[in-house]
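Enquirer: Got a structure here, written out as structure tokens. Questions coming.
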Amino acid sequence: LAWPYYSLVMGGRGLGEGFGGADLIPPVTYDKIPIGEVEVWRGEHVHATDGEIGRVEGLVVDTEDKHVTHVLLQEGHLWGRKDVAIPISTVAKVDKEGIKLKLTKEQVKGLPPVDIAQFAG
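Numbering-wise, this note's numbering puts 16 at position 34 of the sequence shown, and it's gapless, one number per residue.
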């Protein structure tokens, strides 16, 4: 009785078709990225000029012009981690491998720490 109950519909109809079953299948949505724009996901790799430095934690968007101003990143290793906001002007390229910066690991390490929670909306 604890298992979810789904009804299969007979007569050539599939799950969710007919007999009110359409509510069982959530609608499928697709993101469309405009030409000339890029898509960045939380967890994507961020690379300095001399190697990987972390993963995207989020983006800071200017509320007035709706442009990204900073990439939020957790930098470092287990015992030296800190959150940093990397200015978008230092992003060289975004591709299928992640975000590539114009900064070295040392330059990123020199950025001041930020509280990522302050950017949560």
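Beta carbons are placed, not taken as given, at the ideal position from N, Cα and C, and that holds for glycine.
#1: Using DSSP bridges, identify the partner residues of K82.
#2: Does DSSP put G21 in a helix, in a strand, or in coil?
#3: Could you spell out where the beta strand (DSSP E) holding V90 opens and where it closes?
#4: Which one or two residues does DSSP pair with V42 in a beta bridge?
#5: So T31 and L83 are in contact, right, with Cβ under 8 Å, and what is the actual spacing, rounded?
#6: With DSSP run on the structure shown, which of helix, strand or coil describes I98?
#7: In angstroms with no decimal places, state the Cα-to-Cα distance between D44 and R37.
#8: So V22 and L41 are in contact, right, with Cβ under 8 Å, and what is the actual spacing, rounded?
#9: If you measure from the CB of T11, is any heavy atom of the ligand GTP nearer than 7 Å?
#10: Would D65 be called buried (16 or more neighbouring beta carbons within 10 Å of its own) or exposed?
Expert: Taking the coordinates as given:
#1: The residue you call residue 82 lines up with position 100 of the sequence shown. Partner residues in the beta bridge of K82, as assigned by DSSP, are H29, K75.
#2: The residue labelled residue 21 in the question sits at position 39 within the sequence shown. Checking the displayed sequence, the identity of residue 21 turns out to be Glu instead of Gly. Here E21 sits in coil by DSSP.
#3: Residue mapping note: residue 90 aligns to position 108 of the sequence shown, counting from 1. It is not in any beta strand (DSSP E) - V90 instead sits in the alpha helix (DSSP H) that spans 87 to 91.
#4: Numbered from 1 along the sequence shown, position 60 holds the residue referred to as residue 42. V42 pairs with H52.
#5: Here residue 31 refers to the residue found at position 49 of the sequence shown. Here residue 83 refers to the residue found at position 101 of the sequence shown. Confirmed, Cβ separation roughly 7 Å.
#6: What you label residue 98 is simply residue 116 of the sequence shown in a count that begins at 1. Shown here, I98 sits in a helix according to DSSP, grouped into three states.
#7: Along the sequence shown, read from residue 1 onward, the residue named residue 44 stands at position 62. Along the sequence shown, read from residue 1 onward, the residue named residue 37 stands at position 55. Straight through space, the alpha carbons of R37 and D44 are spaced by roughly 21 Å.
#8: Taking the sequence shown and counting its residues from 1, the one referred to as residue 22 is at position 40. Taking the sequence shown and counting its residues from 1, the one referred to as residue 41 is at position 59. Taking C-beta atoms under 8 Å as the contact rule, V22 and L41 qualify, at a distance of about 7 Å.
#9: The ligand GTP is not part of this structure, which contains no ligands at all.
#10: Position 83 of the sequence shown, counted from the first residue, corresponds to residue 65. Buried is the call here.
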